[in-house]
Structure formats: structure tokens, C-alpha cells
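Student: Chains as they are written, first to last, in numbering that gives the first Met the number 0: chain A, 0 to 193; chain B, 0 to 226; chain C, 0 to 211.
Okay, handing you the structure first.
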Amino acid sequence: MIRARGLEKRYGRRVALAPVDLDLPRGAALLVTGPNGSGKTTLLRLVAGLTAPTRGTLEVDAERGRIGYLAHEPLLYRELTALENLELYGRLYRVRERRERAGMLLERFGLWEARNERVAAYSRGMTQRLALCRALLHDPDLLVLDEPYSALDEEGAALLDGVLAALAGARTLVVSTHDPGRLRPLATAGLALA
Amino acid sequence: MTASLRSLPGLALLAAVGMGAALVLALLVAPEDADQGVSQRIFYIHVPVALTAYLCFGLGAWKALRLLWTGEQRYDLESYVAIHQGTIFGLLTLVTGSIWAKASWGVWWTWSSNQLVLFLVLVLFYCAYFMLRFSLEEGPRRARSSAVYALFGVVLIPVSFLAIRLAEDFIHPTVFTREGPQMTGTMFAAFCAAWAAVTLLAYVLYRVELAGKRLDADLRELREALQ
Amino acid sequence: MTYLAAVAALTQKDLRVELRARETLPALLLFVLSTLVVFHFALPEGAGEGAAYGLLWVAIVFTALLGLARAWVPEQEHRVLDGLVLAPCDRSAIWLGKTLAVLAFLLAAQAVALPAFALFFAPLDGAALAGVLLADLGICAVGSLMSAMAAAGRARELLLPLLVLPLAIPLVVGGVGSAVAPEPDRHLLFLVLYDGLFGVLSWASFEYVVTE
């Protein structure tokens, strides 16, 4: 599903990602680890299609509408409610029965009670959970998650564990994390950046 | 790369000779204009410089289009250098035009000269181009935004010209008239020679600046590779 | 028609965000009205209607700039723009949605300012109003694109006026002309031409401005 050869990203003179090779089949789960500044976020942005490589090749066998991306930032409108945010993304991604799906996800992540509150009023943990809902809304084939566990409390982390366990095998996962131990059970491949 | 550098000194010499010949033709050989006298001679520099500025902006826009079309980053530098040259020649147009205005009508500036006003707008526009580049971090983002802006510039040229013509409806021009010079044969020959010389000069400057900047970039890469 | 559906969703989102935040529209209104008061003191006795129309257009351009400077702020908080760019819809829809929203705010501010101007300074006939509408379209179309360009860099508040003002000059000519000239049709036609040319150019090039 993902194939990279000598994948490299530079911003002018700054090297954001040193050359990387990758072969990830469909349904696999890739764990990306490494210290800060090693290029984890850059690699994930490349895979998601937000940026183009400076050198090397990258083939991702999923079109834009089939990729779900979770960034460091939640990618949500502060002034809109949780429901309104998901409604917007649902319309942009042409999700069938988007209201039902949004409701289902909100409930799954324990946000149903807060569905009509603006994101500005959310805590960091709630925002992260909502961002996960946004990433999963259109039932993507490829999930690219950048440190999904950050800002989640025990309960949130447990919810995410459940969701990821259910998706593993059926969907392709690329996850970067500072806590590889948590994801080791379902990881099929690992990439350590320096 | 080295092949193109090799031809540069020869071209530079040719340009220098060409400019020299053009100046001789313009200042000495061509007959003096009946109406305007000596001051008309700056026309031989002013108009070619203006035409060359248009050419440079057009080249910059073409390179910009190529960048957006193919994604090859080298077009970014080529577009930038062309627009840089164009802006310099645009400023020269304003200066020579101003000198001509002073010599012909005794004022350093006149709003009734459509060409001058057009170049004022264009120079303002393209100066903003450099501000845009300065404020963005180096990379494909900056290259693409610059390219889009360059395309806007080239569309602005005819649109602005039309606008300035339309503005005559309510901005009554002062009674300065300047007919397009009725040129005799020698005058026309001098004009063509000057035009050719200025264009060649612009081309050489373009190549020199481009080579210089490429060398710069290569050097930087080498330095990093060695670190 | 999924393209238009995406545009509609995006414009609706912008209107909703503005309704909640209530930042842009009050500022535009206040700015344009304050400017009109400044005009009263800036125009000497017997300055004539022509001068008044000229100042009106200066006010319109700078009000538009104010609105455009804030246009992409909601997308920059939490980097929402990345989320929009990732969506499968055409990226130009993002531009069109934003343009329509900014246009709506500008028109709303003008709905108050123009009658006030007509009352205190100089009358505005059909041609003048048509000129305002067409020029609004042009400046919002071009301005949305330039604003997105500037937003990616440093000193964006400084940069935006520099990028937009040269492009706004033809619009001012067209606008003033449609109010003042004996034959306003030529000026209105010119504004249509401007909107067509630069509208299409902005629509087509937005993709390249927001992607890498």
C-alpha cells in the first residue's frame, strides 16, 4: 500500500527527513518511533499527502478521500461545535449518512454529551478525541496518526486502544508514538527514525 | 552547465559592443527630431528599455507557468531572475521617462503619460513580488506562490493599461501631447539597433544573474554535503 | 453538483464562525463609518462630488483589506486548512467558499455605509452601485487568494495590502468611472472583464498556493 525509496524532505537547507525506504502492505500497522526532530511528523505528512518529497519516491495506494489523518493540531474550527465540525467534514468527504456516523463516533469516544459545545470550550483531551472522530469519520482505508495518545487521559487512551484493535488488519495504519509499548501488540512493522 | 557559462563572456562582449553602437547611432547618427530637438534622443533608450521590461515580465510568467506545470524547481530561480531583471528595467523606464518628461515639458512627472503611469503600477506590483518572496520560507511553497503572483502580473499589464485609458474619462489630461515619433529611415534604423542592443543586454544580464545564483546554490549544497 | 455543495458547506461554515466570533463584521462596519466621518473633515468646502466618490473608493478598498486580512484566521487556528486541503473536494472550492463569505461581509458593511454616503456626500445611481458590486467581487476574489498567500509567511498584515493594492487600482478606476463618467457602461464592462480574468486566474491557481 505504501512504497518509499530514498524518501527525503528538505526545507531549503534544513533536512526535515533523512532518506527513508519503506514497504508497507495493505492491512499492516507501522509504528514510527524516534526522538523529537527526527522527522516523524514530516514522514506522516508525506504519507498523508500534505507535502511532496524533495527527493526520492513515494507511492501511496489510496486516494485523498480514503486517507484519515490525525495531526499534532486538531484541525477543527474553534468556533463551531463538535457536531458542526463533523458535519462540515462529512459534507466535504461526502460521507453517507454522515449524521448517524458522526453520532456513532461521538458516542464511541464519549463526547456525545458535549456534542453541542464549541471546540473552544473543550479540554485538550476532548479536542484530541474529537480530532480522532474527524479522522475516522469517512471510514478511511489508510489511517495516519501522529502521536494519537498525546493529551489523552486513561479513559481516552483505553477507548483509542479499542478502536485501533478493531481496525488493525482491516485497515492500514501508520502511527507515530513516544510510547511504542502500548501499540506493540498490533504493530506488524516498525520504523525507527534517528 | 559549463557549456552555457562558456558562451557568456562572448555574449557580454557582444552586448557591450551593441550598446556602444546603439548609443552612437542614437546620439550622433540619427537626425535630430524637428519638434522636440535633442531631448527626443532619449526615446531610443526609453522605449527599448520599456519593451525589454515587458519581455522580462513575460519570460518570468512563462517560467512560472512551467514551474506550476512540471513542478521542476529550477524554473523558480529562472522566473525569479527574469522578474528581477524586469523590475530593474521597469525602474529604468520610469527614470528615462522622467528625464524625457523633464526635457520635453519641464516636469519630472506627468500623469498624462499612460506608459509612465502603467509602469508605476507595474513596478509597485513587482516590488511586492520581492516582499512576498522575502516573507516566505524557502521551498516549494514559496516557489508556487511566487509563480502564481508572476502570472497575475502578466495579466495585470493589459488590464492596467485599459484601466489607465479608461481613467481619462474622468482624469482630464493636461495639455501635454506626444505623438509617436514619425521616424525617418535612419531614425528607425537607430531605434531597431538600440532595441536589439538593449534586449541583448537584458539577456546577458539574465544569464549572468542566473548563473551566479545557480553557482551559489551549488556551493551551498557542496558545503552541506561536506559537513 | 458536489463541487457547489462543498462550496456551500464552506461558505456556510464561514458565516457561522463569524456569527459566533462576531469579530469581522462589526470591525468592518465601524471602520467604514469612521472613515466617512473622516471624509467630512478631509473634504474642503466646495470640493465637489468627484472628490467624494474618490474618497468613497479609497474607503471601500481599505475596508475590503481589513476584511481580507482576517479572512483565513479561522483556518490558521488549529491548522484547519490542512484538514480542508486533505479533503477530496477540489481545492478551488475552498477559495470560492471563502471569497463568497468575505463578499457577504463586505456587502453587509456597505449596506449601511453606502446609504450613509449617499445621504451626506453625493448621490449614488444604479451604475455606481453596479460598479460597487462588480468591484467588490473582484477585490474579494483576488484578495482571498493573496490573503492565503500572505498567511503562510511572516508579516502577513504588512504584506497583504502590498500584494492587493496594485491589483485594486483597475477596480478603483472602474468603480469611480461608473459613478462619475458620462458613459458608465464602458467602466462597468471593464469591471466585468477584470472579474472574469482575475476570477478565473484566482480560481485556477488557488490549488497551487495551498499545496506543496
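Every residue gets a Cβ at the ideal spot worked out from N, C-alpha and C, and that includes glycine.
In the stretch 11-42 of chain A, which residues sit with their C-beta less than 8 angstroms from some C-beta in chain B, listed in chain order?
Tutor: Hits within the stretch, in order: G11, R12.
Student: Per the contact definition of three or more C-beta pairs closer than 8 angstroms, is the stretch 168-184 of chain A in contact with the stretch 140-154 of chain A?
Tutor: Yes: the two stretches touch, three or more of their Cβ pairs being nearer than 8 angstroms.
Student: Listed from N- to C-terminal order along the chain, which residues in the stretch 94-124 of chain B have their beta-carbon within a distance smaller than 7 angstroms of any beta-carbon of chain C?
Tutor: Here the close residues are V120, L123, F124.
Student: Taking just the CA atoms, how far does M103 (chain A) sit from L136 (chain A)?
Tutor: So the alpha carbons of these two residues sit roughly 10 angstroms apart.
Student: Can you tell me the Cα-Cα spacing of F40 (chain C) and P165 (chain C), whole angstroms?
Tutor: C-alpha separation (whole angstroms): 27 angstroms.
Student: Can you give me the Cβ contacts of V106 (chain B) inside the same chain, cut-off strictly under 7 angstroms, excluding the 5 residues immediately before and after it?
Tutor: Around V106 (chain B): A100.
Student: If you draw a straight line from the alpha carbon of S204 (chain C) to that of E154 (chain A), how long is it in whole angstroms?
Tutor: Going by the C-alpha atoms only, they are around 45 angstroms apart.
Student: Please confirm whether I66 (chain A) has its beta-carbon closer than 8 angstroms to some beta-carbon of chain C.
Tutor: I66 (chain A) counts as touching chain C.
Student: Would DSSP call V174 (chain B) helix, strand or coil?
Tutor: Unreliable placement is indicated for V174 (chain B), whose pLDDT of 48 sits below 50; the coordinate value is still reported in the next sentence. Coil.
Student: If you measure from the beta carbon of V208 (chain C) to each beta carbon in chain A, is any gap under 8 angstroms?
Tutor: False, the Cβ-Cβ gap to chain A never drops below 8 angstroms.
Student: Determine the closest residue to A129 (chain A) out of A:E99, A:S37, A:Y76, with distance taken between C-alpha atoms.
Tutor: According to the sequence as given, residue 129 (chain A) is Leu; it is not Ala. Taking only the C-alpha atoms, the option nearest L129 (chain A) is A:Y76.
Student: Could you check the C-alpha separation between A100 (chain C) and R5 (chain B) for me, to the nearest Å?
Tutor: Taking the straight line from one Cα to the other gives about 55 angstroms.
Student: Among B:S144, B:Q114, B:I41, whose alpha-carbon lies nearest the alpha-carbon of A127 (chain B)?
Tutor: Checked all of B:S144, B:Q114, B:I41; the closest Cα to A127 (chain B) is B:S144.
Student: Would L131 (chain B) count as contacting chain A if we go by Cβ distances under 8 angstroms?
Tutor: Not an interface residue.
Student: Pick from B:L221, B:A166, B:G9: whose alpha carbon is nearest that of S112 (chain B)?
Tutor: Of B:L221, B:A166, B:G9, the residue nearest in Cα terms is B:A166.
Student: Strictly by DSSP, which residues pair up with D217 (chain B)?
Tutor: None; D217 (chain B) has no bridge partner.
Student: Could you tell me which of A:R183, A:L141, A:G161 sits nearest to P24 (chain A), measuring between CA atoms?
Tutor: The candidate whose alpha carbon is nearest that of P24 (chain A) is A:L141.
Student: Quick one: does E77 (chain B) have its CB under 8 angstroms from some CB of chain A?
Tutor: Answer no: the Cβ-Cβ gap between E77 (chain B) and chain A never drops below 8 angstroms.
Student: So with CB distances below 7 angstroms, who are the chain B contacts of E211 (chain C)?
Tutor: By Cβ distance, chain B contributes P139, R140.
Student: Comparing alpha-carbon positions, which option in B:R40, B:E223, B:S134 lies nearest L162 (chain C)?
Tutor: Out of B:R40, B:E223, B:S134, B:S134 has the C-alpha closest to the C-alpha of L162 (chain C).
Student: On the three-state DSSP scale, how would you describe P18 (chain A)?
Tutor: DSSP places P18 (chain A) in strand when its eight states are reduced to three.
Student: Quick check on DSSP: helix, strand or coil for V173 (chain A)?
Tutor: Strand.
Student: Are the C-beta of A51 (chain A) and some C-beta of chain B separated by less than 8 angstroms?
Tutor: Chain B, which has a Cβ nearer than 8 angstroms to the Cβ of A51 (chain A), makes this yes.
Student: Are the C-beta atoms of F61 (chain C) and some chain B residue less than 8 angstroms apart?
Tutor: By this cut-off, F61 (chain C) is not an interface position.
Student: Just checking my contact of R98 (chain A) with L158 (chain A) at CB under 8 angstroms: how many whole Å lie between their CB atoms?
Tutor: Incorrect: roughly 21 angstroms between the Cβ atoms, too far for contact.
Student: So, with DSSP's three-state summary, where would you put Q226 (chain B)?
Tutor: Note: Q226 (chain B) maps to coil in three-state DSSP.
Student: Run through DSSP, which three-state label would V106 (chain B) get?
Tutor: In this structure, V106 (chain B) counts as coil in the three-state DSSP scheme.
Student: Closer than 6 angstroms by C-beta to L105 (chain C): which residues in its own chain qualify, once you throw out the five before and the five after it? Chain order, please.
Tutor: Only A63, G66, D135 meet the Cβ criterion.
Student: Between L91 (chain A) and chain C, is the shortest Cβ-Cβ distance under 8 angstroms, so that the two count as touching?
Tutor: By this cut-off, L91 (chain A) is an interface position.
Student: R63 (chain A) CB to nearest chain C CB: under 8 angstroms?
Tutor: With 8 angstroms as the cut-off, R63 (chain A) counts as an interface residue toward chain C.
Student: Once you ignore the five residues that flank V174 (chain B) on each side, which residues in its own chain have a CB closer than 6 angstroms to its CB?
Tutor: Reliability of the predicted coordinates at V174 (chain B) is poor, the pLDDT of 48 falling under 50, and the value obtained from them is presented with this limitation in mind. If we look at V174 (chain B) and ignore the five residues flanking it on each side, it has no Cβ neighbours.
Student: With a threshold of 8 angstroms between beta-carbons, can L196 (chain C) be considered close to chain B, or not?
Tutor: Answer yes: the Cβ-Cβ gap between L196 (chain C) and chain B drops below 8 angstroms somewhere.
Student: Run down chain B in chain order and give the residues with a C-beta less than 8 angstroms from the C-beta of A151 (chain C).
Tutor: Per Cβ cutoff of 8 angstroms: L135, R140, S144.
Student: Would you check if the distance between the CB atom of L6 (chain A) and the CB atom of P73 (chain A) is smaller than 8 angstroms?
Tutor: For L6 (chain A) and P73 (chain A), no; Cβs fall outside 8 angstroms.
Student: Where A156 (chain A) and V141 (chain C) are concerned, what is the direct C-alpha to C-alpha distance, given to the nearest angstrom?
Tutor: So the two alpha carbons sit approximately 45 angstroms from each other.
Student: Looking at the secondary structure, which residues open and close the beta strand (DSSP E) in which A3 (chain A) lies?
Tutor: Run containing A3 (chain A): 1-10, per the beta strand (DSSP E) assignment.
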